[in-house]
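Undergrad:
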Amino acid sequence: MKNVMSSKRKKIDIRKMTVIGVLGAICIVLGTTPLGFIPIGPTKATIMHIPVLIGAILEGPIVGMAIGLIFGLFSMFNALTNPTPISFIFLNPIVAILPRVLMGVGAYYIYSFFEKRGSKNTKIIINIGLLGIILYLGMSIIRNDLSVISVGFNMIFILLIAGLAYYINNQKVEVLSVIVSASIGTLINTLGVLGMIYIIYAEKYMQAIGENAELAKKIIFGIGVTNGIPELILAIIIVVSVVGALKKNR
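Here the numbering used here runs 40 ahead of the position in the sequence shown, where the first position is 1.
1) Pull up the distance between the alpha-carbon of K56 and that of L63, whole angstroms please.
2) Hey, which unbroken runs of the alpha helix (DSSP H) at 4 residues or more fall wholly within the stretch 71-112?
3) Here's a check: name, in chain order, each residue in its chain whose Cβ is nearer than 7 Å to the Cβ of F130, leaving out the five neighbours to either side.
4) Might you give, ordered along the chain, the residues of its own chain that have their beta carbon closer than 7 Å to the beta carbon of M88, omitting 5 neighbours on each side?
5) What does the alpha-carbon distance come out to for the pair V191 and F154?
6) Threshold first: 4 residues or longer. Then list the alpha helix (DSSP H) segments lying entirely within the stretch 157-206, N to C.
7) By how many angstroms is the C-alpha of S223 removed from the C-alpha of G268?
8) Any idea what DSSP makes of T124, helix, strand or coil?
9) To the nearest angstrom, how far is the alpha carbon of G284 from that of P133?
10) Name the residue from M143, P123, I126 and S152 whose alpha carbon lies nearest to the alpha carbon of P91.
11) Using 9 Å as the threshold, is the C-beta distance between I291 and I60 below it?
12) Report the option in S180, I277, I228 and I164 whose CA atom is closest to the CA atom of F203.
13) Can you find the residues in the same chain that come closer than 8 Å, C-beta to C-beta, to L138, ignoring five residues on each side of it along the sequence?
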């Protein structure tokens, strides 16, 4: 019996190490090629964080944390070897590593939590979140402070989110749990990185991009919304598809 348990444990450990290696390598490939940055309107949405979410949901918090660590270390390496005016920010592990590790841990526990809550409660929470995004995008259009291109993309995002809401309300609890995990995990990454930039480097960051330091809050928040919403939508689509396919094969 002990030998059987030991053999099973070894297989699980080998599988986890393999998943960490494969998904960590995918993070690096996405970061070093255009594959990791998808142009959406006037901005580019990154999908580098998606392997972290997939690993966490499939294999647990340790795997998610390990892939997040690889993601963060690569960000620091990239900032060192391919410097830009704002690279100094990502040489700080609190900015480059901490949010990515927390994303990996958080994604698993969020998935586990909502899987136990049942589909009805999960649907309510998701719909409230999506409604909030639609209202924000709608208010941005009404305020009339956007360019014609931005208004067009806001309207496209509203339609996509409405379609997503329809899709979600016809899914089982396991799919809903993956959606919530992918969404909140993405927010942990986006808000964690931008939040640390604002807290630690707000003035230096604004100087580096040639803007007034007094506009730091507005500009960093704007970046979060502009990049965060497309990244959240992409994360939901890709993570749900990949996790669903892998679980089905298992």
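Yeah, the Cβ is synthetic: ideal placement off N, Cα and C, and Gly gets one too.
Small disclaimer: the values here were computed from a predicted structure and weren't measured.
TA: Inspection of the coordinates gives the following:
1) 11 Å
2) Fully enclosed alpha helix (DSSP H) runs of 4 or longer: 90-99.
3) S115, M116, A119 and A136
4) C67, L70, G71, G76 and F111
5) 34 Å
6) Entirely contained in the stretch 157-206, the alpha helix (DSSP H) runs reaching 4 residues are, in chain order, 159-182.
7) Answer to the nearest angstrom: the Cα atoms are 10 Å apart.
8) Three-state result, T124: coil.
9) 33 Å
10) M143
11) Because the chain in this structure spans residues 41 to 290, residue 291 falls outside the shown range and cannot be described.
12) Sequence check: residue 203 is Gly here, not Phe. Nearest C-alpha to G203: I277.
13) G112, G232 and M236
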